[in-house]
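Here the structure is laid out as structure tokens; the discussion comes afterwards.
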Amino acid sequence: MRRSNLYTFFFITVVTIICAGLLSTAAYLLKEKQQVNVEVDMKKNILKAVKLIGNEKISQQEVLDSYNNNIESYVVDNLGEIIELSDGISVEDIDPEKEDTKPLNERMYPIYVKREGSKISAYCIPIIGKGLWSTMYGYLALEPNLNTIMGITFYKQGETPGLGSEVESEGFQSKFVGKEVWKSDDLVSIKILKLEPASDSPNIKHEIAGISGATKTCEGVMDLLLKDLLKYEKYFRKIRNENVIEEVVTDVK
Amino acid sequence: MSNKKTFFEPIVHNNPVTIQILGICSALAVTTQLKPSLVMGIAVTIIIALSNLVVSLIRSFIPKNIRIIVEMTVIATMVILVDQILRAYLFDVSKQLSVFVGLIITNCIVLGRLEGFALTNKPVPSILDGFGNGIGYSLILVAVGATREIFGAGTLLGFQVIPQSLYDVGYVNNGLMVLAPGAFFLLGLIVWLQRAVTGHYEEE
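Residue numbers (our numbering), protein chains in the order written: chain U, 1 to 253; chain D, 1001 to 1204.
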């Protein structure tokens, strides 16, 4: 049956309006819940990176409670100075990806620290970078010496399922633990090799085995680690110097 | 054709993957492990069934010359809707699925069933046809996914199934299974096996 052009236009307009209406209603109604999920997921990953929680299932409320009780957050600038945020903005709202597009002296770099009493027991920074297909998002936690890796997480990525997406797996992430990011006086990335690093390799502190079939993703991880560590280089150096002075002072005492 | 036949035929005798050779791209892409295969299977099944229902309901109003556009609009809407709901209520699953969503829109099985069945059949058989095809597709994905995970990584759903003692005496994971060609070989074997058993031949 042949129908008039007018009918065709009419029909497709109705279909489009119904579909658009359906989707925008769904997006509007579900937005709040989705945002909470994203926020909880982010905080959960910070907690995971600093080893406050493992892979066990915990409720959203538990995540938020644990985060509020243990994690402190602040922002440093390009020169490694801690800066005050204007009212109404929290550190958690800062999108590190957007910061990268700002002029260098306006960028804000968030840091999340785990406090135990008066002592800081972990530093955590966001890490973001391109893999093979997608942008990967995660957190890197360092021990108080700002050298040894305490934990790493990737929580959002669109790499090849089963291959590159293995960066999200516990097995891959645990390989980073205990590795070091300073080599003499320079920040370095963790080198991801094809095979397990030889046990007598001089760089064993900076090497781990990669994921088979995910060379490009691993290269992305190497690049983004260095790129994001360098953002905090000035701040890290300051803290490390303070640590050294503190150690000397306690030794003299 | 009876409802029962509509439902069961695509599961084995007219399986969309092994007989119609549709949906191969996603069958290769997501089957390195069992879990994404399962999630993908379930998502595709729901989306075929729902799209089949909608298109079947409006089938007599669709102008023939723009039917593919209408079908694609319906599929895309369903996929985004399912994705939005997952993101709100099953966040972890949605994270697993995120990259596959685009693939579902382009999955030839969905469009194929709308064109081949829903456009000319009543709503109830259309839903059954959707579920049947979805399950047929899922079965193949699960078979390939499980095999690839066991031989490629030694695990199943993340649990170690190949004992460490076997590795100690020199067993190694099969690297081919992790890569796309491994899926090609497996899929080829399944197609061969099924045709050998059922005696199905392509018409000349």
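Where a beta carbon is used, it is the ideal one built from N, C-alpha and C, also for glycine.
What whole-angstrom Cβ distance do residue i and residue j have, given they're in contact under 8 angstroms?
i	j	result
D:V1044	D:P1036	Not confirmed; about 12 angstroms, so no contact.
D:A1183	D:L1028	4 angstroms
D:T1032	D:R1148	6 angstroms
D:S1056	D:N1121	6 angstroms
D:C1108	D:G1041	16 angstroms between Cβ atoms; not a contact.
U:L79	U:K234	6 angstroms
D:I1127	D:I1047	No, D:I1127 and D:I1047 are not in contact; Cβ-Cβ is about 12 angstroms, not under 8 angstroms.
D:V1144	D:L1187	6 angstroms
U:V167	U:E180	U:V167 to U:E180, Cβ: 20 angstroms. No contact.
U:A20	D:L1081	Not really, about 12 angstroms apart at Cβ, beyond 8 angstroms.
D:L1114	U:G213	So it is not a contact: roughly 35 angstroms between Cβ atoms.
U:V50	U:A141	5 angstroms
U:N203	U:K216	Not confirmed; about 22 angstroms, so no contact.
D:L1054	D:V1074	First, the amino acid is wrong: residue 1054 of chain D is Val here, not Leu. Correct: roughly 5 angstroms between the Cβ atoms.
U:I46	U:C124	5 angstroms
Roughly how many angstroms separate the alpha carbons of residue i and residue j, rounded to a whole number?
i	j	result
D:Y1089	D:T1077	18 angstroms
D:D1201	D:L1193	Reading off the sequence shown, one finds Tyr at residue 1201 of chain D, where the question assumed Asp. Near 13 angstroms, if we compare the C-alpha coordinates of D:L1193 and D:Y1201.
U:G178	U:L52	16 angstroms
D:L1189	U:P126	45 angstroms
U:L193	U:D77	33 angstroms
U:Y155	D:D1168	33 angstroms
U:S59	U:D41	11 angstroms
U:G210	D:F1100	24 angstroms
U:N105	D:R1087	36 angstroms
U:I89	U:L229	24 angstroms
U:A198	D:V1172	19 angstroms
U:V38	D:D1092	10 angstroms
U:K31	U:L23	12 angstroms
U:L29	D:D1083	14 angstroms
D:G1112	D:V1124	18 angstroms
U:E196	U:I208	6 angstroms
U:H206	U:S121	22 angstroms
U:K48	D:D1129	44 angstroms
U:M222	U:R3	59 angstroms
U:K175	U:N145	19 angstroms
D:Q1020	D:L1176	26 angstroms
D:A976	D:P1163	Here chain D has residues from 1001 to 1204 only, and residue 976 of chain D is not among them.
U:F236	U:E170	27 angstroms
U:K98	D:S1060	49 angstroms
D:L1034	D:V1191	19 angstroms
D:A1049	D:C1025	20 angstroms
D:I1058	U:F11	11 angstroms
U:L6	D:V1110	29 angstroms
D:G1116	D:F1185	29 angstroms
U:R108	U:I94	Here the sequence assigns Met to residue 108 of chain U, which means Arg is not the residue at that position. About 8 angstroms.
D:K1095	U:Q157	8 angstroms
U:N241	U:L225	22 angstroms
U:V36	U:E143	29 angstroms
Using the rule of at least 16 other Cβ atoms within 10 Å of the residue's Cβ for burial, across every protein chain shown, is residue i buried or exposed?
i	result
D:S1051	buried
U:E247	exposed
D:P1181	exposed
U:D100	exposed
D:S1165	exposed
D:K1064	exposed
U:G131	buried
U:Y139	buried
D:I1135	buried
U:P161	buried
U:T250	exposed
D:P1010	buried
D:S1138	buried
U:K231	buried
U:K119	exposed
U:V44	Note on residue identity: the sequence assigns Lys, not Val, to residue 44 of chain U. Buried, by the Cβ-count rule.
U:P103	exposed
U:S165	buried
U:S61	Note that residue 61 of chain U is Gln in the sequence shown, not Ser. Exposed, since its Cβ has fewer than 16 Cβ neighbours within 10 Å.
D:T1198	exposed
D:T1006	buried
Using a Cβ-Cβ distance under 8 angstroms, would residue i count as near chain B?
i	result
D:I1066	Judged by its chain identifiers, the structure shown contains no chain B, and its protein chains are U and D.
query: Three or more C-beta pairs closer than 8 angstroms, one from the segment 1011–1020 of chain D and one from the segment 146–165 of chain U: is that the case here?
result: no
query: Is the segment 57–76 of chain U close to the segment 101–118 of chain U, with three or more CB pairs under 8 angstroms?
result: Under the three-pair Cβ rule at 8 angstroms, the segment 57–76 of chain U counts as touching the segment 101–118 of chain U.
query: Using 8 angstroms as the Cβ pair cut-off and three pairs as the minimum, do the segment 72–88 of chain U and the segment 185–195 of chain U touch?
result: no
field: At least three beta-carbon pairs within less than 8 angstroms, the segment 1146–1166 of chain D to the segment 1069–1084 of chain D
entry: no
- prompt: Which ranges would you report for the alpha helix (DSSP H) in the segment 1049–1110 of chain D if only whole runs of at least 4 residues count?
  reply: 1067–1089, 1091–1097 and 1101–1105
Ordered list of alpha helix (DSSP H) runs contained in the segment 56–106 of chain U, each at least 4 residues: 60–70 and 96–99
field: Complete runs of the alpha helix (DSSP H) confined to the segment 1150–1192 of chain D [at least 4 residues]
entry: 1164–1168 and 1175–1178
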